[in-house]
Structure formats: structure tokens, C-alpha cells
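These notes concern the structure reproduced below.
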Amino acid sequence: MRIGELLVRHQSLSVEALDAALEEQGERGGLLGQLLIHAKAVDELALAKALAEQAGCEFREQIDANAIPDELLDRLPLSFARARSVLPLERREDGSVVVVLADPFDLSVVSDLQLMLEAPLVTEVATETLITASANNAYDRATRLAEDAAEGLEESHAEDEEEFAIQDILDAEDEAPIIRFVHSILSQAVRERASDIHVEPFEREVAVRFRVDGVLREVVRPPKAAQSSIISRIKVMSGLNIAEKRLPQDGRIRLKRAGRDIDIRVSTVPTSHGERVVMRLLDRSAVLKPLDELGFEADLMEQVGRLIRRSHGIILVTGPTGSGKTTTLYGCLSKINSPDKNILTIEDPVEYQLQGVGQVPVNPKINLTFASGLRAFLRQDPDVIMVGEIRDKDTAEIAIQASLTGHLVLSTIHTNDAASAMTRLVDMGVETFLVASSLAGVLAQRLVRTVCDDCAETKPLGEAACRELGVDAALHAGKPVREGKGCIACQHTGYRGRRAIYELLMVDDRVREMVLANADAARVKHAAREAGMKTLREDGLSKILKGETTVAEVCRVTTEEAVLD
Numbered sequence: 003m004r005i006g007e008l009l010v011r012h013q014s015l016s017v018e019a020l021d022a023a024l025e026e027q028g029e030r031g032g033l034l035g036q037l038l039i040h041a042k043a044v045d046e047l048a049l050a051k052a053l054a055e056q057a058g059c060e061f062r063e064q065i066d067a068n069a070i071p072d073e074l075l076d077r078l079p080l081s082f083a084r085a086r087s088v089l090p091l092e093r094r095e096d097g098s099v100v101v102v103l104a105d106p107f108d109l110s111v112v113s114d115l116q117l118m119l120e121a122p123l124v125t126e127v128a129t130e131t132l133i134t135a136s137a138n139n140a141y142d143r144a145t146r147l148a149e150d151a152a153e154g155l156e157e158s159h160a161e162d163e164e165e166f167a168i169q170d171i172l173d174a175e176d177e178a179p180i181i182r183f184v185h186s187i188l189s190q191a192v193r194e195r196a197s198d199i200h201v202e203p204f205e206r207e208v209a210v211r212f213r214v215d216g217v218l219r220e221v222v223r224p225p226k227a228a229q230s231s232i233i234s235r236i237k238v239m240s241g242l243n244i245a246e247k248r249l250p251q252d253g254r255i256r257l258k259r260a261g262r263d264i265d266i267r268v269s270t271v272p273t274s275h276g277e278r279v280v281m282r283l284l285d286r287s288a289v290l291k292p293l294d295e296l297g298f299e300a301d302l303m304e305q306v307g308r309l310i311r312r313s314h315g316i317i318l319v320t321g322p323t324g325s326g327k328t329t330t331l332y333g334c335l336s337k338i339n340s341p342d343k344n345i346l347t348i349e350d351p352v353e354y355q356l357q358g359v360g361q362v363p364v365n366p367k368i369n370l371t372f373a374s375g376l377r378a379f380l381r382q383d384p385d386v387i388m389v390g391e392i393r394d395k396d397t398a399e400i401a402i403q404a405s406l407t408g409h410l411v412l413s414t415i416h417t418n419d420a421a422s423a424m425t426r427l428v429d430m431g432v433e434t435f436l437v438a439s440s441l442a443g444v445l446a447q448r449l450v451r452t453v454c455d456d457c458a459e460t461k462p463l464g465e466a467a468c469r470e471l472g473v474d475a476a477l478h479a480g481k482p483v484r485e486g487k488g489c490i491a492c493q494h495t496g497y498r499g500r501r502a503i504y505e506l507l508m509v510d511d512r513v514r515e516m517v518l519a520n521a522d523a524a525r526v527k528h529a530a531r532e533a534g535m536k537t538l539r540e541d542g543l544s545k546i547l548k549g550e551t552t553v554a555e556v557c558r559v560t561t562e563e564a565v566l567d
């Protein structure tokens with residue numbers, strides 16, 4: 003039977019949709035299955051099952067990427083596997099190889115596979131999405147996971163520490179397991195969406211930890227004897243001086259993992275038990291999220307939209323390190339980016355490339371700082387300027403002067419909440435009248451982990467949770483909320499991914515008067531709340547009630563709010 007007839011017979015496709023797709027195929031050509039998926043007449047799963055039945059093949063719903071032998075992966079390049087949606091699964095006792103394909107009728111691919119694998123094939127069918135994800139996971143293992151590589155280190159460094167210390171770290175026999183271990187750590191970190199890797203030496207052991215969704219988790223403990231070689235390997239990859247172990251150093255690694263371009267910032271500091279290394283991972287292939295996908299409520303989105311379309315003034319985004327401030331600023335720039343605007347940014351470092359935006363990286367070695375770059379920008383006829391961070395009085399004053407001379411300036415500052423940003427500028431030495439006249443709005447934000455959809459369960463919001471949040475139990479107790487039980491997909495944490503919660507302080511006449519009167523942050527915040535500002539915790543509550551996050555998460559990232567209140 004033809005593929006369309008099979009889909010109709012299994013009630014996955016209507017006759018009308020099939021006729022429409024056949025007509026389009028007659029006009030434009032192409033594969034019928036792809037046309038049906040593009041028209042959303044059938045889903046990928048139904049099409050794959052129909053193809054399997056048509057070809058007389060087994061249909062495979064799941065693939066265990068960890069069970070695929072390395073010898074099969076070595077014969078098949080990852081680029082070929084992903085481009086042709088194929089993957090070898092196992093070698094049987096009779097010498098044949100089981101392969102899974104998205105299109106079992108592509109005879110050229112089958113022929114190529116036979117040549118590469120040098121064996122007769124047993125073909126099975128799976129969805130293209132499953133094959134691609136499984137291929138990435140299988141090849142991204144880098145032959146071994148961190149735990150397996152650590153075992154290899156144990157075997158190759160069985161000698162005592164004194165012996166190991168005098169060995170040449172570039173010796174080929176010792177270097178191979180070190181390379182495998184470091185590469186497996188990097189691969190596993192990318193696969194688990196880690197933002198940071200910590201290599202921490204202690205007196206008798208070394209710990210490797212990943213920060214995933216803002217929370218640190220220990221991954222592996224390699225042998226203490228391998229410590230120097232591991233750190234030297236990382237330093238060689240990042241272009242650092244391996245002989246200098248007494249001073250902090252900063253470097254960078256660029257690499258690809260499963261087709262993803264990863265930029266890694268490396269920082270080393272000397273401790274009493276050896277050098278400590280922290281690597282910050284930045285996925286350059288990740289697509290920047292538009293502003294309306296970052297977690298803004300509808301009314302807040304409207305206010306932010308009005309702010310970023312102003313012709314002049316300063317907009318500050320505030321929050322601790324790693325709270326998503328840069329992502330929000332990029333979202334703002336993308337929203338207002340157009341051919342009729344000249345947008346310039348100075349950043350440390352440039353994290354994402356924005357089409358049509360002039361981006362300058364800070365370089366302290368040649369005295370290119372935020373302040374000097376910002377000063378130069380004023381001679382570049384800008385409409386919008388983004389400054390990575392306001393760290394000192396000099397940068398703050400130049401940014402304010404730029405905003406007062408008809409430029410929109412976006413920047414970040416480190417404070418606990420929105421109201422504290424103004425007092426922070428005054429503390430830097432900026433005159434109160436300059437702060438009051440230039441500041442348009444301050445957006446405070448935090449990142450909360452979102453509930454894992456695979457293991458989420460619904461339960462009523464308890465009175466104790468309401469008290470912890472500081473909300474009226476009579477209004478909210480008993481409302482349905484979600485929590486994750488923990489599963490393989492979320493590393494048994496109950497959370498997968500993150501979302502921002504916000505607090506937007508609009509600088510109106512009353513707030514300006516309070517700034518001019520040197521009012522403290524608590525009074526400014528009180529006035530802003532009377533004017534309708536939702537606090538971080540209140541915005542968090544709305545996301546709890548939507549089932550996006552939990553009470554524990556919101557309380558974890560907004561602990562200081564209760565003190566300010």
C-alpha cells in the first residue's frame with residue numbers, strides 16, 4: 003500500500019488532507035510524508051510507523067544511546083548520521099548490524115551504510131527527532147562518561163603522589179587518559195546543560211561539580227594523583243601558563259560538541275591544596291530568546307515595551323551574577339533593533355552576536371574599559387547604547403551624560419532589588435539630581451527553576467507555604483500547584499530549565515522626589531508598591547499558581563525581600 007493509504011487506513015490522516023497534499027506534491031514536488039508533516043496533517047510518529055509497515059521493518063520507539071558500541075560509532079561520522087537520519091545500534095552474532103533509519107526507502111543511504119559498516123544490515127525505522135537526539139547523545143559520550151574516564155585515571159595513576167609529581171605531564175602514556183577525562187567532563191557538562199564546571203582540589207581528593215539550573219551538583223571525584231595533569235590539560239586548552247601556579251589566570255576555550263559551538267571562560271586561582279579551576283560554559287549556537295518568551299506577565303511586558311521605546315534615559319537591569327540580566331538586555335535590543343537605529347554595545351565579554359548591532363568587547367590590557375568605550379561611543383552617533391555593567395562612578399557618570407544628551411542607555415548593576423539600584427548609584431558618588439533626572443526604570447530579576455513536565459504532579463498549596471511566601475492563606479491556600487517527583491530527564495531534581503521572575507520599578511515624579519531627598523531603598527520600594535509595583539515574590543507567586551515553579555524555588559531566590567519589607 004502507498005504511504006497515504008496506510009495513514010488513512012490507520013485513521014492518522016483524513017482523505018481531504020491527503021488529497022490536498024497530493025495536489026501540492028503534483029505542483030511543487032517533494033516527499034509526501036514531509037508535505038503532510040509540514041501541513042500538520044499527521045505527526046512524525048504516525049508517519050514513521052506507516053513507513054515501517056510499508057517497508058516491512060520493525061518500528062523502534064526508544065533507543066538506548068549508551069548501549070551503542072563504540073566500534074560502530076567510529077565507522078560512521080556524526081555529520082553523516084545526522085544529515086541522513088541514520089544510526090547503527092548493535093552488531094549481531096551473525097555479523098550483521100542493526101541500523102535505524104527515518105527513511106527506509108533511501109537506497110543510497112543503505113548502500114553507503116553497508117560500505118561504512120562493512121556488514122549486512124538489518125533495518126529498523128524510528129522518527130527523525132529520536133534518531134538525531136540519540137546520535138547526539140551517543141557521539142557526545144566521547145567514548146566514555148566522566149565516571150568511566152575517572153576509573154581510567156585510577157588505573158593509569160596507581161603510583162603514589164610523590165612519584166606522580168616528578169613525571170612529565172606531556173608523557174604520551176599518561177596524557178591519553180587525562181585527555182579522555184577532560185573531554186568527557188566537557189561533553190557531559192554540555193549534555194546536561196551545565197553553566198559552570200568546578201574543579202576543586204582538597205587535601206586528599208579532587209571534586210568536579212556542575213552548576214545546572216543554578217544549583218551545584220557533584221559529578222565525579224578523580225584521583226588526587228591526577229590533579230596536576232587535569233589542571234595542566236585545562237590550562238593548555240585555554241592558553242594559560244602551565245608553569246605559573248601562584249597567581250590567578252583567565253583564559254578561554256573554543257570547542258564543538260555534537261555540532262554545538264561552545265565558548266568556555268576559564269578562571270584559575272591558587273589555593274592551599276592546588277589550583278582551583280572554574281569554567282563558565284556559553285553555548286553560542288543557542289538561539290536568543292525574544293523578550294516575550296522570557297517570563298514577563300502581559301502588563302509587565304507592556305511597561306517594558308514602553309520603556310525600551312523611549313528616545314532617551316537609562317534603563318537598569320539588576321540582580322546577582324547568573325540571574326539572566328544579559329539575556330534580558332539582548333532581548334530588549336532585539337525588540338528595538340531596526341535599520342533606522344544605530345545600536346552599540348560594550349560588553350565583558352560579547353556573549354552573543356546580534357545582527358546589525360555594533361558590539362565591542364572590553365579589553366583592560368589596552369585600557370579599553372566600560373568607561374573609555376562608552377566615551378568613544380558618544381562620537382559614533384548612537385541611538386541606543388548598552389553597557390555591560392556599571393561598576394564605578396566614571397562609567398555611571400558617562401552613561402548618565404549620554405542619556406541626558408538624547409541617547410537611550412541600557413545597563414546592569416548589582417543590587418538586591420530594584421529600589422536599591424538608585425541608592426547604589428548615589429553610593430558610587432553620582433549626584434542625586436543626575437540619578438533622578440536620567441533614570442527611567444529599574445528591572446530586578448531572578449531565575450527560578452521550572453518544574454519538570456515529565457514527573458510533575460499536582461497538589462494543593464498548603465497554609466505553611468503561604469506563610470513562607472508571605473501571602474494571605476485565606477486567599478491562596480488549597481489552590482492547585484505543581485511539584486516534580488524527580489526522574490531521569492531532570493537528574494532526579496524535579497526541575498528542568500529556568501524562568502525569570504521580575505520586579506519593575508518605574509521612576510515617576512514621586513520616586514524622583516524621594517531620590518532627591520536621599521530616601522533609603524525601603525522607602526522608595528514602599529512608594530513604588532503603592533503605585534502598583536509587583537515585587538519579585540509576588541511575581542513568583544503568579545508563576546507558582548501557573549504551575550511553572552515551586553514555593554521552595556521562589557523563596558530560595560527572594561530571601562532578602564522579607565527583610566526589606
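Going by this note's numbering, the sequence shown opens with residue 3, and the numbers climb by one from there.
Each residue gets a CB set at the ideal place from its N, CA and C atoms; glycine is no exception.
Here the structure is a predicted model, which is why all the values come from computation and not from measurement.
List, from N- to C-terminal side, the alpha helix (DSSP H) runs of 4 residues or more that fit wholly inside the segment 168 to 243. Within the segment 168 to 243, the complete alpha helix (DSSP H) runs of at least 4 residues are 174 to 193 and 229 to 239.
Identify which residue in 231, 452, 190 and 520 has its Cα closest to the Cα of residue 140. The residue with the shortest Cα to Cα distance from residue 140 is 190.
In this structure, what does DSSP give as the bridge partners for residue 103? DSSP links residue 103 through a beta bridge to 88 and 127.
Does DSSP classify residue 396 as helix, strand or coil? In this structure, residue 396 counts as helix in the three-state DSSP scheme.
So residue 461 is in the beta strand (DSSP E); what residue range does that whole segment cover? Here the beta strand (DSSP E) through residue 461 covers 458 to 462.
Between the Cα of residue 426 and the Cα atoms of 307, 320 and 459, which residue gives the shortest distance? The shortest C-alpha separation from residue 426 is found at 320.
Measuring CB atoms only, is the segment 356 to 364 touching the segment 308 to 322, in the sense that at least three cross pairs come out at less than 8 angstroms? The segment 356 to 364, when compared against the segment 308 to 322, does not touch it at the 8 angstroms Cβ threshold.
Contiguous beta strand (DSSP E) assignments of at least 3 residues, all confined to the segment 400 to 475: Under the rule that a run must span 3 or more residues, the beta strand (DSSP E) segments found entirely inside the segment 400 to 475 read 410 to 415, 441 to 453 and 458 to 462.
Among residues of its own chain, excluding the 5 on either side of residue 184, which ones have a beta-carbon nearer than 8 angstroms to its beta-carbon? Answer for residue 184: 232, 235, 236 and 239, listed in chain order.
With three or more C-beta pairs closer than 8 angstroms as the rule, is the segment 371 to 385 touching the segment 276 to 295? Counting Cβ pairs under 8 angstroms, fewer than three are found: no touch.
Are there 16 or more other CB atoms within 10 angstroms of the CB of residue 243, so buried, or fewer, so exposed? Label assigned to residue 243: exposed.
Quick one: measure Cβ to Cβ for residue 326 and residue 447, integer angstroms, because I've assumed they're closer than 8 angstroms. With a beta-carbon spacing of about 6 angstroms, residue 326 and residue 447 fall inside the 8 angstroms limit used to define contacts.
Pull up the distance between the alpha-carbon of residue 467 and that of residue 556, whole angstroms please. Here the C-alpha atom of residue 467 lies approximately 11 angstroms from the C-alpha atom of residue 556.
Residue 37 by DSSP, collapsed to three states: which one? Helix at residue 37.
So what's residue 347 in DSSP terms, helix, strand or just coil? Residue 347 falls in the strand class under three-state DSSP.
Residue 499 versus 455, 508 and 21, residue with shortest Cα-Cα distance: When each option's Cα is compared against that of residue 499, the closest is 455.
How about residue 180: is its Cβ closer than 6 angstroms to a heavy atom in the ligand ATP? Inclusion of the ligand ATP in the displayed structure is not the case, the ligand content being empty and no account of it being possible.
Alpha carbon to alpha carbon, what distance is there between residue 283 and residue 86? Cα to Cα, the separation comes out at about 29 angstroms.
Would you mind reading off the limits of the alpha helix (DSSP H) that contains residue 532? Per DSSP, residue 532 is one residue of the alpha helix (DSSP H) stretching across 523 to 532.
Please name the residue in 181, 111 and 553 whose C-alpha comes closest to that of residue 228. Here the closest residue by C-alpha is 181.
Which residues mark the beginning and the end of the alpha helix (DSSP H) in which residue 389 is found? In this chain, residue 389 is not harboured by any alpha helix (DSSP H); it is covered by the beta strand (DSSP E) spanning 386 to 389.
According to the neighbour-count rule (16 or more other Cβ atoms, all chains shown, within 10 Å of its Cβ), is residue 65 buried or exposed? Under the 10 Å beta carbon count, residue 65 is surrounded by 16 or more other beta carbons and is classified as buried.
Residue 83 burial status per 10 Å Cβ neighbour count (16 or more: buried): It counts as buried.
Report the rounded CA-to-CA distance for residue 303 versus residue 294, giving the unit in angstroms. C-alpha separation (whole angstroms): 7 angstroms.
Buried or exposed by the 16-neighbour rule on C-beta atoms within 10 Å, applied to residue 372: When all chains shown are included, residue 372 counts as buried.
What do you reckon, are the CB atoms on residue 470 and residue 479 nearer than 7 angstroms? Not a contact, by the Cβ cut-off of 7 angstroms.
State the Cα-Cα distance for the pair residue 423 and residue 411, rounded to the nearest angstrom. Their Cα atoms are separated by approximately 15 angstroms.
Measuring straight from C-alpha to C-alpha, what distance separates residue 2 and residue 404? As displayed, the chain neither begins before 3 nor continues past 567, which places residue 2 out of reach and without an answer.
For residue 198 and residue 281, which I take to be in contact (beta-carbon distance under 8 angstroms), what is that distance rounded to the nearest angstrom? That pair is a contact at about 7 angstroms.
Contact check, residue 48 vs residue 9 under 8 angstroms by CB: the rounded distance? Confirmed, about 6 angstroms.
Test item: CB-CB of residue 137 and residue 89 under 7 angstroms: In this structure, residue 137 sits near residue 89, with a CB-CB distance shorter than 7 angstroms.
For residue 537, count the other beta carbons within 10 Å of its own beta carbon; 16 or more makes it buried, fewer makes it exposed. Which is it? Buried, since its Cβ has 16 or more Cβ neighbours within 10 Å.
In its own chain, which residues sit with a C-beta less than 6 angstroms from the C-beta of residue 417, not counting the 5 before and 5 after it? Cβ neighbours of residue 417 beyond the five flanking positions: 320, 423 and 426.
Assigned exposure category for residue 207 - 16 Cβ within 10 Å defines buried: Exposed is the call here.
For residue 505, the first and last residue of its enclosing beta strand (DSSP E): Looking at the DSSP string, the run of the beta strand (DSSP E) that includes residue 505 is 497 to 508.
Please go through the same chain and pick out, in chain order, the residues whose beta-carbon is closer than 6 angstroms to the beta-carbon of residue 218, but skip the five residues on each side of it. Result list for residue 218: 211, in chain order.
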